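As given, the protein sequences belong to chains A and B, one line each in that order. Per this note's numbering, the very first residue in the first sequence carries number 1; after that it's consecutive. Per this note's numbering, the very first residue in the second sequence carries number 1001; after that it's consecutive. Encoded as structure tokens, the structure appears first; notes follow it.
Protein chains: 2
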Amino acid sequence: MLLKRYLPILTWLPHYNARLFGADLLAGLIVTIMVIPQSLAYAILAGLPAVVGLYASILPLLAYTLFGTSRTLAVGPVAILALMTGAALSPIAAPGSELYLQAALVLALLSGVILVLMGLFRLGFFANFLSHPVISGFLSASAILITASQLGNLLGVSASGHTLIELVPSLITSLDKIHLVTLAIGAGSLMLLVVMRRWGRMTLGRLGLNDGLAGLIAKTGPVFAVVITTLISWGFDLETLGVAVVGDIPKGLPPLTLPAFDASLWHQLLIPALLLSVVGFVESVSMGQMLAAKRRQRISPNQELVGLGASNLVAAFSGGMPVTGGLSRTVINFDAGAQTPAAGSIAACGVALITLLMTPLLYHLPIAVLGAVITVSILTLVDIRMLRLAWGYSRSDFAAMAVTILLTLLEGVEAGIVAGVSLSIALFLYRTSRPHSAVVGLMAGSEHFRSVTRHEVETLSHVAFLRIDESLYFANARYLEDTLYNLIANRPELEHVVLICSAVNLIDASALESLYAINARLKDSKVTLHLAEVKGPVMDRLKHSDFLDTLTGRVFLSTYAAWKELRPRPDQP
Amino acid sequence: MLLKRYLPILTWLPHYNARLFGADLLAGLIVTIMVIPQSLAYAILAGLPAVVGLYASILPLLAYTLFGTSRTLAVGPVAILALMTGAALSPIAAPGSELYLQAALVLALLSGVILVLMGLFRLGFFANFLSHPVISGFLSASAILITASQLGNLLGVSASGHTLIELVPSLITSLDKIHLVTLAIGAGSLMLLVVMRRWGRMTLGRLGLNDGLAGLIAKTGPVFAVVITTLISWGFDLETLGVAVVGDIPKGLPPLTLPAFDASLWHQLLIPALLLSVVGFVESVSMGQMLAAKRRQRISPNQELVGLGASNLVAAFSGGMPVTGGLSRTVINFDAGAQTPAAGSIAACGVALITLLMTPLLYHLPIAVLGAVITVSILTLVDIRMLRLAWGYSRSDFAAMAVTILLTLLEGVEAGIVAGVSLSIALFLYRTSRPHSAVVGLMAGSEHFRSVTRHEVETLSHVAFLRIDESLYFANARYLEDTLYNLIANRPELEHVVLICSAVNLIDASALESLYAINARLKDSKVTLHLAEVKGPVMDRLKHSDFLDTLTGRVFLSTYAAWKELRPRPDQP
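What follows is the structure, given as structure tokens:
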């Protein structure tokens, strides 16, 4: 069982058969063709040689086949991680330098170690700390950054930088150097890609293809763009006209690489590796869950961490770069009918064959075409809907999203994601730190208690019934004290306070301390403190302290029971 | 009104009279005598010249008189901030150097700016993010660190460092150099202080003094220790025997100092200043609130930030060091009967007079005595009770406390407080990220619903009633989805799911997205989603989105209403 948990391949391999292999083979071949332009493009986006993208699409896929739980996830270099990799490495070394390559391997290694450790310690829940608006804002802003960074490639000018503040001036000052042939190639591929994406499926459908196949072919636009433009570039020898082309890609299988053990380099890359791991995991696991749900399968987030971690470790030792489950390659894998992770292994073999034999064919591929491929695929991540939803629904969610977007654009990906996460946690704590509370009274003719400000209710002058609508914990412990002290300061005739805990799901040690303090202070003021409707788990916990012994009043099962007990008796004055 | 809010002196000065002045004068004079040894001691603890402690006890007190809201808080250098100041400055410069002095001023300035800004932006609630166990653990560990750092002074050897890892070896290697006369003076004062603190009040009471006065005199032990040992030191000329003494303290009023504007220095000190500000604020405001409550007064945490900020700004411009409300000096001020912040101004004048005229009298005061003063006052902060309470009550609170203590001792004050805060927030989010939820059923003969696993209840096979005991927000949005998908996967006969929201105090945008997704997925599975017992504020918020329009089912006011509506009718099959 333990073996099956950590090696999910054991759950499906014994049942593997020819039918499944047939489906996986088809999907694997389609993915192979698709990922070649993407892999080259993302390596260049990260400031690495194009071949690194191919290496990262071979052995990491085999590792995921062994350790991953999603049946359809396709692992490899992805745009966001490429952007984050470039941002993490550029302060350390110049793109293209030996140190830069080394640092990319270290980043993949650290990311792999972090992911595997998080998986083994079952820390997958950490991904939940990224709220939807923050993820959405981060992805949208990253997409804009990536597009801006590709504008240089599309225009044939050199634009560098990892924030809009760096990119925009760099683009503007080089507008006079636009290379028209490059622009023509870039704009042409962009148009081809947009047209195929938008109208390809419909047109092919009209031509008599079945809808699934038409959809799949429409998605392979990048392959057509690459083939056509490479042929044009070769035929007209565009390189001599000054069009930047991919150039020599070393032929052969991935090399065995050993990431440098350099303490100061590791130290510098630790935080970027952590951020990269979490972002990659979130991107991968949300997609994996969505697709698994469509087929009523399940994935295990903690084992996914192990699978992605193993992929990154393997990438570090085979000349690669940080990888995760890629959006577009996974969708294609799914649509092409992949049934098991074996499809990934087949794609890995395909990429290996191409790397081994066919890289010279890519020599004339213009970089501008790769820029167009990235741009068209990344712009789908810009999510205006979430921005609108957050604005209409919750200003604090909107604030977290807006800060994430602005900081990502202006300060870079790391600042953006850190600020977004910190802000959403801080805003949540702030909201829960001033819980809604209501003094309630009895609805006539019922056993229900409602707020005295919203309803016509019966009250008792010497008893206050206070309902707290939040778990009691450190962030609101002091607020609770304030609320109660204000209550007794304003109603000197009070003899009893009943704290209604129906919405209290947790009382932590800070809040317990506050309850002790409240109990003591109320006692000084000759007011008895009672609790009502304390939930089972909360009550169990309170019994671990001596609070219930020191409590001046009682714990009532229901508010009505407290009412019956504390109301003046007919025979009393 | 606005002027009164930001200048609280306007609320009490118009009503000031001779009776109040009499009380304040007495308290001010007693505090003056008390703070002299403390101020010297804390400056030396921070690695600064002794006179800096005196300067920091003059003008900052006047600033607090203008801007502070507590009637009895006494501002000045305190042990914890002195420790944090030393830890922040020692990586930057050698203690005693000109740069070190400059950096202390910059630290006070930054701290002042941060506190004032937090006050103006009403960010006082940030202090709530420090949970009681973390504060308590931090104070205990700091007290141990301070005691360890004073052992060197008490033994007459030089021990340096800001963590136990640095201090302990440094002490052990110099054990053979113990200076016996210093040890005798140190141990003697330690005993005097402990005896006066423990038995002074009782003994003086027996001698016929009234209890209040006896208590006050017992607290002035440090003054006696200083006077007696200074006389001995002077009489026997201990300095020539090798006992470290305070030495020359420049006579005169505080100088006007201008903190250096050095961008890199400011940058290095920004985070330490932030931590120091928050810790100082928490220490000061908790004490201020406790004492205000004793006299049924109130303080305003946000205005306290302004008051403490102003004090630190003034300290930066008058040769001082970071200050905040001090525990022992405030208690003495309170016990001596201070009625208004004017008592602080009187103490400031007293300290100014002493600095102006009487510093030569302090020449022979042995440093060991100051070490004894610090040790006795700081060890009261070690709080074993909270450690025990946290252990018994909540393992996650205990974990946060233990990590804070260990990291403070071994890695230093900054690492300790940052780790403690992060861990308590992370643990809280973790706990709320896997909310308790229960499938419930109807208790026979009632309208109450209880968990099917804990009670004998009626259920409907085609309807699941699920109660979620937590607010729905980003950290548990995905968990909610998992819970619901598992529920429908395990019960294929389900037609309706009723989500009971009685304990849901908040639904944020992430959770709303999850509700959309759940609604859509349940629809695909031909299951209708209903809500029940949605609270008013949550409902108001939901109406800001179109979720209620897309919801496949209804929103029921009570779970029982849903039961009545969804149970099979007698006339149905």
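All C-beta atoms, glycine included, are put in the ideal place defined by N, C-alpha and C. Since the model is a prediction, treat every value here as computed from it, not as a measurement.
Asked, Found
"Distance, SER1111(B) Cα to THR1324(B) Cα", "10 Å"
"CB contact check: GLY1392(B) to chain A, cutoff 8 Å", "yes"
"Beta carbon proximity, PRO573(A) to chain B, threshold 8 Å", "With a pLDDT of 49 at PRO573(A), under the threshold of 50, the predicted position of this residue should be treated as unreliable, though the coordinate-derived value follows. Closer than 8 Å: no."
"Contact under 8 Å by Cβ, VAL1134(B) with MET1401(B)", "yes"
"Burial state of ARG454(A) (16 or more Cβ within 10 Å)", "exposed"
"Given PRO1060(B) as reference, the closest of MET1358(B), PRO1322(B), LEU1002(B), TYR1100(B) once Cα atoms are compared", "PRO1322(B)"
"Span of the alpha helix (DSSP H), counted from its first residue to its last, around PHE1474(B)", "1474 to 1490"
"Bridge-paired residues (DSSP) for SER1437(B)", "ILE1468(B)"
"Validate contact between the region 48 to 67 of chain A and the region 94 to 105 of chain A using beta carbons, cut 8 Å, 3 pairs", "yes"
"Contact set between the region 469 to 490 of chain A and chain B, restricted to residues whose Cβ is under 8 Å from the partner", "ASP469, GLU470, SER471, TYR473, PHE474, ALA475, ASN476, ALA477, ARG478, TYR479, TYR485, ALA489"
"C-beta neighbour in chain A for PHE1334(B), strict 8 Å", "no"
"Contacts of ARG1431(B) in chain A (Cβ-Cβ under 7 Å)", "LEU506"
"Proximity below 8 Å, CB of ALA352(A) to CB of LEU253(A)", "yes"
"Presumed contact (8 Å Cβ cut-off) between ILE1507(B) and LEU1542(B), rounded CB distance", "7 Å"
"Near-chain B residues of the region 392 to 426 of chain A (beta-carbon distance less than 7 Å), N- to C-terminal order", "GLY392, TYR393, SER394, ASP397, SER424, ILE425"
"Chain B contacts from the region 525 to 550 of chain A (Cβ-Cβ distance under 8 Å)", "LYS535, GLY536, PRO537, ARG541, HIS544, SER545"
"Cross-chain neighbours of GLU1513(B) in chain A, by beta carbon under 7 Å", "HIS132"
"ARG366(A) - DSSP class collapsed to helix/strand/coil", "The amino acid occupying residue 366(A) in the given sequence is Pro; Arg does not appear at that position. Here PRO366(A) sits in strand by DSSP."
"Other residues of its chain near PRO1573(B): CB distance less than 6 Å, five sequence neighbours each side excluded", "Confidence at PRO1573(B) is low in this model, with a pLDDT of 49, below 50, so the placement of that residue should be treated as unreliable; the coordinate-derived value is given next. Within the same chain, PRO1573(B) has no close Cβ partners at all."
"Pick from GLU304(A), THR230(A), PRO250(A) that is closest to ILE114(A), judged by C-alpha positions", "GLU304(A)"
"C-alpha distance - LEU1120(B) paired with ARG1005(B), whole-angstrom precision", "11 Å"
"Neighbour flag for LEU1253(B) against chain A, beta carbons, 8 Å", "no"
"Inter-residue Cα distance where the pair is PRO1091(B) and SER1502(B)", "53 Å"
"Per-residue burial, ARG1395(B) [other beta carbons within 10 Å of its own, 16 or more giving buried]", "exposed"
"Below-8 Å beta-carbon distance, ALA372(A) vs any chain B residue", "no"
"Simplified DSSP state of HIS1496(B), which is helix, strand or coil", "strand"
"Interface residues of chain A facing LEU1270(B) [CB-CB closer than 8 Å]", "Simply none; closest approach about 16 Å."
"Contact with chain B by ALA561(A), beta-carbon distance below 8 Å", "no"
"Three-state secondary structure assigned by DSSP to VAL1421(B)", "helix"
"Coarse secondary structure for PRO1573(B), derived from DSSP in three states", "Confidence is the limiting factor: at PRO1573(B) the pLDDT is only 49, short of 50, which leaves the residue's position unreliable, though a coordinate-based value still follows. Coil."
"LEU1026(B) versus ALA1347(B), THR1408(B), SER1514(B), residue with shortest Cα-Cα distance", "ALA1347(B)"
"THR1528(B): first and last residue of the uninterrupted beta strand (DSSP E) it sits in", "1528 to 1532"
"Per DSSP, cross-strand counterpart(s) of LEU1442(B)", "PHE1449(B), GLU1458(B)"
"Run of the alpha helix (DSSP H) containing LEU1216(B), from where it starts to where it stops", "1211 to 1219"
"Cα-Cα separation, LEU1407(B) to LEU1171(B)", "20 Å"
"Closest Cα partner of LEU1365(B) within the set SER1039(B), TYR1430(B), GLY1247(B)", "GLY1247(B)"
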